[in-house]
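These protein sequence lines map, in sequence, to chains L and A. Each residue of the first sequence is one higher than the one before, counting from 598 in the numbering used here. Each residue of the second sequence is one higher than the one before, counting from 598 in the numbering used here. Even for Gly, the Cβ is constructed at its ideal location relative to N, Cα and C. Keep in mind the model is a prediction, meaning the values are calculated, not measured.
Number of protein chains: 2
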Amino acid sequence: MLIRIDYQDARPIYEQITAGFEKLILSGVLEPDEQLPSVRGLAVELSTNPNTVQKAYAALERNGFIYTVKGRGNFVSGNVSLINERKRSMREQIEAILKEADELGIDRKELLEGLGGKGKND
Amino acid sequence: MLIRIDYQDARPIYEQITAGFEKLILSGVLEPDEQLPSVRGLAVELSTNPNTVQKAYAALERNGFIYTVKGRGNFVSGNVSLINERKRSMREQIEAILKEADELGIDRKELLEGLGGKGKND
DNA sequence: TGAACTGTACTATTTGTGTTAGTACAGTTA
DNA sequence: TAACTGTACTAACACAAATAGTACAGTTCA
């Protein structure tokens, strides 16, 4: 069970599937050219519909996480820039929060206190 | 025009209204006991429906941002703890992003580089 | 008192998204 | 050929967001 659906999660199923595979691919659990479960197979496994899985896979391909070979299956792409794009996206998210903090008169330093590292300084 | 609706924004209208007033209240633009636009008045102003505004106001009251007096209107509450709750919520959001970074093997320090303050250190 | 405001509470309808279901077609593998 | 793979449709259902309309209750003020 590589992927697990959480029905408490507000996100739609197809989005949980894409997010799940994105994490598995970016963290290296799934290696380049490794095959993903088939659309129909994963649908059975997750007790969901092939169309829902298909929608998730289409998004993964659109964003460069996987490539598709018709008749063979879906495979992890060896796209190295993905991790950098994710890093940039995370910085954007944090920057948006800090911008809101600015507008509310909350000090950035105070907000980030103790979030820096794990046992180094701070 | 205190509030502006962005139809590019994926968030529903009622949520944009609550978010807008929350920011105005937390930043002090709207002061305690100051009156908000009437449900019907704001609906006309935003070219939306009174029910939609009502839904937004109900949420604001539920979360302690405003109080309602039937027949008179809605007013900003003088709840001082709201800003601290917001601060806590922001830290949670950032912490969630950093936790994901950990799982992807991205260094927290590197991610937070240069986001600290405005012209002090970092 | 009565008119004109305020909020509140419904019901009905429309629209869009997510999901399910079913069918059909095309390419690959053994 | 049989059994896999992905892809492309259409139809139907559920749900949330939003709109529309009506009705009722409390406040303000002339």
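| Check | Outcome |
| --- | --- |
| Just reading off the alpha helix (DSSP H) that I663 (chain L) is part of, what are its end residues? | Counting along the chain, I663 (chain L) falls outside any alpha helix (DSSP H), though it belongs to the beta strand (DSSP E) covering I663 to V666. |
| Does any CB atom of chain A fall closer than 8 Å to the CB of M598 (chain L)? | no |
| For Y724 (chain A), count the other beta carbons within 10 Å of its own beta carbon; 16 or more makes it buried, fewer makes it exposed. Which is it? | In the structure as shown, chain A starts at 598 and stops at 719, and residue 724 (chain A) therefore has no counterpart that could be examined. |
| What does a CB cutoff of less than 8 Å around K684 (chain A) pick up in its chain, not counting 5 residues either side in sequence? | none |
| Does DSSP put V673 (chain L) in a helix, in a strand, or in coil? | strand |
| Going by DSSP in three states, Q605 (chain A) sits in which element: helix, strand or coil? | coil |
| How would you label A733 (chain A), buried or exposed, when you count the other beta carbons within 10 angstroms and need 16 or more for buried? | Beyond the ends of chain A as shown, which are 598 and 719, falls residue 733 (chain A); an answer cannot be given. |
| Which one of A:D704, A:E700, A:R705 and A:I614 has the shortest CA to CA distance from N648 (chain A)? | A:I614 |
| Cα separation between E707 (chain A) and F618 (chain L)? | 24 Å |
| Closer than 7 Å by C-beta to E658 (chain A): which residues in its own chain qualify, once you throw out the five before and the five after it? Chain order, please. | Y664 and T665 |
| Between which residues of its own chain and P629 (chain A) is the CB-CB distance below 6 Å, once the five residues before and five after are set aside? | V673 and G675 |
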